[in-house]
Amino acid sequence: MEYRTLGKTGLDVSVISLGTEYLINRPQQHIVDVIHHAISNGVNYFDLFFAQPEFRENMHVAFQNCRDKAIFAAHLGAAADSSGQYMRIRDPQQCEYFFLDFLARYQTEFADILFLHNSDTQDDYDELMKPGGLLDMAKRFRAEGKTRFIGFSGHNTITSRQAVESGEIDVLLFPINFTNHVMPGREALFKACVRHQVGLVAMKPYAGGNLLREEREFEANSYISGSAQMANASAKFVKSAPITPVQCLAYILEQTGVACVVPGCANIEHLDAALAYLNASAQQKAYAALLPDFKQYNTGRCVHCNHCLPCPSNVDIGETLRLFQLAQQELNSEVRAAYCALPANASDCIECGVCMERCPFGVNVIAQMKETSQLLAA
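For reference, each letter of the sequence shown is one residue, going 1 to 378 in UniProt numbering.
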C-alpha cells in the first residue's frame with residue numbers, strides 16, 4: 001500500500017481507502033469479510049456516514065480488535081429515520097444524538113475525523129458555520145476528545161472553497177472523477193487545499209458507477225461531478241473506449257492535493273479491482289487518451305446515494321432507480337423479481353417532490369418513477 005499525509009492532520013492515509021455506502025443492508029459476515037480484506041491489504045481510512053443502527057453495529061463487529069489500524073471518518077448531520085432511511089439533518093439535538101450514537105455503537109471513544117455533512121448551498125453553509133452552528137458543535141466535540149479533526153463534505157466548489165479558506169477545517173471530502181475534469185473552480189479549490197494544508201479526500205471516483213458501465217453514452221449529475229453550484233447544467237458524455245477502475249483511480253491520485261480516494265465497494269471483488277491500482281503498470285494506468293471525452297459536465301442521473309431520503313411512501317429511491325437503470329439495459333426476470341420484492345416501489349410515489357428538493361444531482365425523480373412503474377409493472 002502507498003500512503004500520503006492527510007494535510008495538517010499529519011495522518012498517513014492509504015491512497016486506496018474505502019467508502020462503505022454499498023455495504024449497507026449486507027449480512028454481517030459479508031461486511032466483516034470486506035473490512036478485514038481491506039485492512040489486510042493496508043487500507044486504513046474508512047468513510048462511515050451511514051447512521052442505521054444495524055449497519056453501525058455490524059461495522060463495530062468488523063473493526064473489533066483492529067480499531068488501531070483504522071481511521072474513522074464520521075459525519076455530523078447524517079442520520080437515519082425509524083425505518084432506516086438515510087436523512088440529512090441540521091437540528092442540533094438530533095445531530096448530537098446521532099454522533100454520540102456513532103461512538104456508542106462503534107464502541108470507540110472518538111472519531112478521527114468528524115465531517116460537517118453534505119453542505120452545498122450558501123444558506124446551509126452559513127448556518128453550519130455561524131456562531132452556535134454545527135461547526136461550533138464539532139469544535140466542542142474536538143475539545144472533549146470525541147473527534148481529533150474536523151472536516152467538510154460537499155459537492156460545490158464555491159462553498160467547499162469557503163470552508164477550506166475559513167481556517168476551520170482540516171479535511172475536505174469532495175467528488176473527483178473524469179466528469180469534472182474541466183469544471184470551473186475545481187483546480188482553484190484543490191490549490192486552496194494545498195495552500196491551507198487541508199487534506200483532500202476524493203469521493204465518487206467512478207461517477208456513481210457510470211464510468212465503468214458498458215454503455216458508451218451516459219449522464220452524470222452535479223452530485224457526482226461536484227458542480228452542485230450549477231444545478232441546471234446538463235450534458236451527456238460519450239466514452240470512446242471502456243474505462244477501468246485503475247484508470248479512474250490513477251487519474252484522481254494525480255490531481256493536485258489529493259491524499260486518498262474512497263471508492264464504494266460492495267464486495268471483495270470490487271475492492272480488489274480498486275487495489276489493483278497498486279500493482280498496475282504505467283500502461284494500465286494511462287488515461288490521457290480518455291480526457292477528450294470529458295469536456296463538459298451535467299446533471300440528471302441517479303447515483304443511488306439516497307441523499308433524497310426519507311420518502312413519505314418509504315420508497316428506497318436509490319435502489320428503485322438502480323433497478324430501473326438495469327431494466328433499461330436488459331429487462332430480465334432477475335431485475336423484475338428484485339423490483340417486485342421491494343417493500344415499496346415506484347407505483348407508491350405520491351409525487352410530493354421532496355426528494356427532488358434534496359437531490360444534489362438534479363434528478364427528476366418523479367418522472368423517473370413514472371417511467372420505472374411503466375417499465376417494471378408486473
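Cβ coordinates follow ideal geometry from the N, Cα and C atoms, glycine included.
A quick note: this is a predicted structure, and the numbers were derived from the prediction, not measured.
Integer-rounded CB distance, given that residue j should sit under 8 Å from residue i
i: residue 245; j: residue 282; result: Residue 245 to residue 282, Cβ: 16 Å. No contact.
i: residue 19; j: residue 262; result: 4 Å
i: residue 303; j: residue 349; result: With 8 Å as the limit, residue 303 and residue 349 do not qualify as a contact, their Cβ atoms being about 19 Å apart.
i: residue 266; j: residue 199; result: Wrong, their Cβ atoms sit about 26 Å apart, outside the cutoff.
i: residue 275; j: residue 16; result: 6 Å
i: residue 358; j: residue 308; result: 5 Å
i: residue 80; j: residue 48; result: Going by Cβ atoms, the distance from residue 80 to residue 48 rounds to 13 Å, so no, they are not a contact pair.
i: residue 67; j: residue 108; result: 6 Å
i: residue 268; j: residue 12; result: Not a contact, Cβ separation roughly 24 Å.
C-beta atoms of residue i and residue j nearer than 7 Å
i: residue 252; j: residue 184; result: no
i: residue 335; j: residue 327; result: yes
i: residue 72; j: residue 112; result: yes
i: residue 65; j: residue 31; result: no
i: residue 294; j: residue 178; result: yes
i: residue 39; j: residue 8; result: no
i: residue 151; j: residue 99; result: no
i: residue 190; j: residue 257; result: yes
i: residue 87; j: residue 312; result: no
i: residue 203; j: residue 175; result: yes
i: residue 117; j: residue 77; result: yes
i: residue 142; j: residue 219; result: no
i: residue 365; j: residue 355; result: yes
i: residue 341; j: residue 287; result: no
Residue i to residue j span [Cα, whole Å]
i: residue 197; j: residue 168; result: 11 Å
i: residue 148; j: residue 372; result: 45 Å
i: residue 368; j: residue 195; result: 42 Å
i: residue 338; j: residue 138; result: 40 Å
i: residue 255; j: residue 318; result: 29 Å
i: residue 35; j: residue 207; result: 23 Å
i: residue 374; j: residue 324; result: 10 Å
i: residue 284; j: residue 212; result: 15 Å
i: residue 239; j: residue 4; result: 31 Å
i: residue 216; j: residue 270; result: 21 Å
i: residue 331; j: residue 322; result: 12 Å
i: residue 278; j: residue 248; result: 13 Å
i: residue 123; j: residue 154; result: 13 Å
i: residue 129; j: residue 333; result: 50 Å
i: residue 231; j: residue 156; result: Caution is warranted here: a pLDDT of 47 is assigned to residue 231, below 50, making its placement in the model unreliable, and the coordinate value is therefore given only provisionally. Between residue 231 and residue 156, the C-alpha separation is close to 10 Å.
i: residue 370; j: residue 347; result: 7 Å
i: residue 60; j: residue 52; result: 12 Å
i: residue 29; j: residue 55; result: 12 Å
i: residue 45; j: residue 264; result: 12 Å
i: residue 97; j: residue 43; result: 29 Å
i: residue 233; j: residue 63; result: In this predicted model, residue 233 has a pLDDT of only 46, less than 50, meaning its place in the structure is not dependable enough to derive any value.
i: residue 126; j: residue 188; result: 21 Å
i: residue 164; j: residue 201; result: 13 Å
i: residue 186; j: residue 131; result: 28 Å
i: residue 14; j: residue 37; result: 14 Å
i: residue 162; j: residue 173; result: 14 Å
i: residue 136; j: residue 166; result: 13 Å
i: residue 6; j: residue 92; result: 28 Å
i: residue 229; j: residue 158; result: With a pLDDT of 48 at residue 229, under the threshold of 50, the modelled position of that residue is not reliable, and the figure given next carries that caveat. Cα to Cα, the separation comes out at about 7 Å.
i: residue 95; j: residue 22; result: 23 Å
i: residue 280; j: residue 290; result: 18 Å
i: residue 376; j: residue 192; result: 47 Å
i: residue 41; j: residue 2; result: 11 Å
C-beta neighbour in chain B for residue i, strict 7 Å
i: residue 101; result: Among the chains of the structure shown, chain B does not appear; only one protein chain is present.
Residue i: CB within 6 Å of a non-hydrogen atom of the ligand SAM
i: residue 130; result: For the structure depicted, the ligand SAM is absent and the ligand set is empty, with no information on it obtainable.
Review point. Counting only runs that start and end within the region 265–331, where is the beta strand (DSSP E) found for 3 or more residues in a row?
Key: none
Exercise for review: Mind listing, in chain order, the continuous alpha helix (DSSP H) runs of no fewer than 4 residues lying wholly within the region 119–174?
Suggested key: 122–129, 134–143 and 157–165
Review point. Can you find at least 3 beta carbon pairs, one from the region 90–107 and one from the region 136–153, that sit closer than 8 Å?
Key: yes
Practice item. Counting only runs of 3+ residues fully inside the region 18–100, write out the beta strand (DSSP E) ranges in chain order. Key: 45–47, 71–76, 78–80 and 86–88
Review point. Fully enclosed by the region 232–262, which beta strand (DSSP E) runs are 3 residues long or longer?
Key: Runs of the beta strand (DSSP E) spanning 3 or more residues and lying entirely within the region 232–262 occur at 236–238 and 258–261, in chain order.
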